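Worksheet: the structure to be examined is printed underneath.
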Amino acid sequence: MKLKSFQSQKGFTLIEVMVVIVIMTIMTSLVVLNIGGIDQKKAMQARELFLLDLQKINKESLDQSRVLALETHGETDVSPFSYELYEYHDQSTLQVQDLKNRWQKYTEFKTRQLPAHVSFSVQPLDGENYSKAKNTDLVGGQTPQLIWFGNGEAKTVKIQFYLEQKPIGSEIQIDHLGKINEI
């Protein structure tokens, strides 16, 4: 009669350990790749929402014959980058002219905040085109950089979005007819 000795297996085989290591490596790499991608996706979504806002502002300015301007507020330690809309009130017909009340916050457009570390810059492209203009409230040095004039026209600007000071997406250009182009 033969006695069979049963040895109980203790621990894992080398193959089992290697499979677990490979699976953990794949999962870790997916997590690391997605962490940076989330910020990029949020920035691109903010850019798309901004484009929709630009179209809405353009239509509203034209439909209601309002002079509207976009004003930006930079990111600080306590608040993210934001933008809001102002409306121009012509006071040339009034006898008392109040310089502070010419541009008033447009209450029908709420202040929009961008995600953390996302911002954009607005660069005017046609400074010399307004050299003969008489209304310095709309084209002078103290005016907002992006203005829709209420007749379908706008100041020509170039807008670039940034994520952590690195450009993302293509530049947005608004021409003098208010048309929005991505270059």
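With my numbering, letter number 19 in the sequence shown gets 19, and the count goes up by one each step, no holes. Note that beta-carbon positions come from the ideal geometry of N, C-alpha and C, so glycine has one too. Just so it is clear, the structure is predicted and the values come from calculations on it, not from any experiment.
When rounded, the separation of the alpha-carbon atoms in I35 and M44 is 15 Å.
By the Cβ test, the region 47–57 is not in contact with the region 71–81, since fewer than three Cβ pairs between them sit closer than 8 Å. Counting C-beta atoms within 10 angstroms of its own C-beta, A116 has fewer than 16 neighbours from the protein chains shown and is therefore classed as exposed.
D39 and I159 have their C-alpha atoms some 20 Å from each other. In its chain, beyond the 5 residues on either side, A154, T156 and N181 have a beta carbon closer than 8 Å to the beta carbon of D175. Here E171 has K158, Q160 and I183 as same chain residues with Cβ atoms under 6 Å from its own Cβ, once five neighbours each way along the sequence are excluded. Excluding residues up to 5 positions away in sequence, L68, L70, L85, F109 and W148 lie with their Cβ nearer than 8 Å to the Cβ of I57 in the same chain. At a Cβ-Cβ threshold of 7 Å, Y162 and S119 count as neighbours. Collapsing the DSSP output to three states places L54 in a helix. Between R102 and Y83, the C-beta gap is not smaller than 7 Å, which leaves the two residues out of contact.
Taking all protein chains in view, the Cβ of F12 is surrounded by fewer than 16 other Cβ atoms within 10 Å, so the residue is classified as exposed.
One thing to note: G152 has its Cβ within 7 Å of the Cβ of G178.
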